[in-house]
Structures are given as structure tokens and as C-alpha cells.
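In the working numbering, the protein residues as written are 218 to 334. Below: the structure, in C-alpha cells.
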């Protein structure tokens with residue numbers, strides 16, 4: 218039997234594919250057919266219709282953690298806060314160096330002596 222739409226097929230539930238398309242360094246089937254009612258019902262896979270190859274932009278912002286990958290050399294990020302004496306400070310500060318974040322705890326409230334009224 219030929220793997221084409223409406224072509225006669227012999228085994229109910231069987232599948233066949235025809236043709237290939239290549240994008241993003243991978244090869245995919247172009248046409249996929251399923252045997253139903255003695256005939257092939259086919260659909261184009263369109264696997265390469267809107268390829269998203271080699272995205273240089275991350276889908277989410279980099280994580281602000283020690284040794285996490287960072288994109289902009291010299292950039293900084295902070296994570297978490299601590300509050301003492303009525304003021305709020307960053308808990309963790311990270312600097313981008315060599316493509317990774319180098320982080321340190323600020324310990325802003327470590328030895329803080331607050332005035333009491």
C-alpha cells in the first residue's frame with residue numbers, strides 16, 4: 218500500500234510516514250498517516266513551520282544564585298531581604314564575573330544596634 222491520504226491500508230490502527238523535513242539540526246517526518254476504516258487518514262506534521270533554533274535569549278531571566286550563568290559581565294542582582302531598625306536591606310548580592318554570578322550575603326542586620334524609644 219501507498220502511504221498517501223485515502224490510500225487503501227490493510228491493518229487497522231497502523232501508521233506510516235512519508236517525507237522528511239529538517240530544521241534546528243533535527244529531521245522530522247513530513248506526513249503521518251493512520252489507518253482507519255481501510256484507508257489512510259494523513260496530516261502534514263509541519264514540524265519545521267515555525268522553528269525556534271539557537272535561541273540566544275533565555276526564556277526566563279537568569280537565576281540570581283552563586284555560580285548561576287549570567288549574561289552581562291559586570292551586572293548585579295539581589296535576592297531576598299532582611300529588615301532591622303525599621304529599614305529593609307538586600308540579603309544576597311551577586312556580581313556577574315566570567316559568565317557566572319559571584320554572590321555574598323550582605324549581613325546588613327548582623328551587628329546592627331537599633332535605637333529604642
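Every residue, glycine too, gets a C-beta built ideally from N, C-alpha and C. Predicted, not measured: the structure shown is a model, and the values here were computed from it.
Option in the options with minimal Cα separation from residue i
i           : options            : result
residue 221 : 256, 288, 227, 246 : 256
residue 293 : 301, 283, 252, 262 : 283
residue 289 : 327, 302, 263, 316 : 316
residue 326 : 280, 299, 244      : 299
Range of the contiguous beta strand (DSSP E) that encloses residue i
i           : result
residue 305 : 304-314
residue 230 : That residue, residue 230, is in no beta strand (DSSP E); it is neither H nor E in DSSP.
residue 260 : 256-261
residue 220 : Segment: none, residue 220 is in no beta strand (DSSP E) and carries neither H nor E.
residue 246 : 243-253
Contact check, residue i vs residue j, beta carbons under 7 Å
i           : j           : result
residue 234 : residue 246 : yes
residue 318 : residue 270 : no
residue 291 : residue 309 : no
Residue environment, residue i, which counts as buried when at least 16 other CB atoms sit within 10 Å
i           : result
residue 226 : buried
residue 241 : exposed
residue 331 : exposed
residue 250 : buried
residue 311 : buried
residue 301 : exposed
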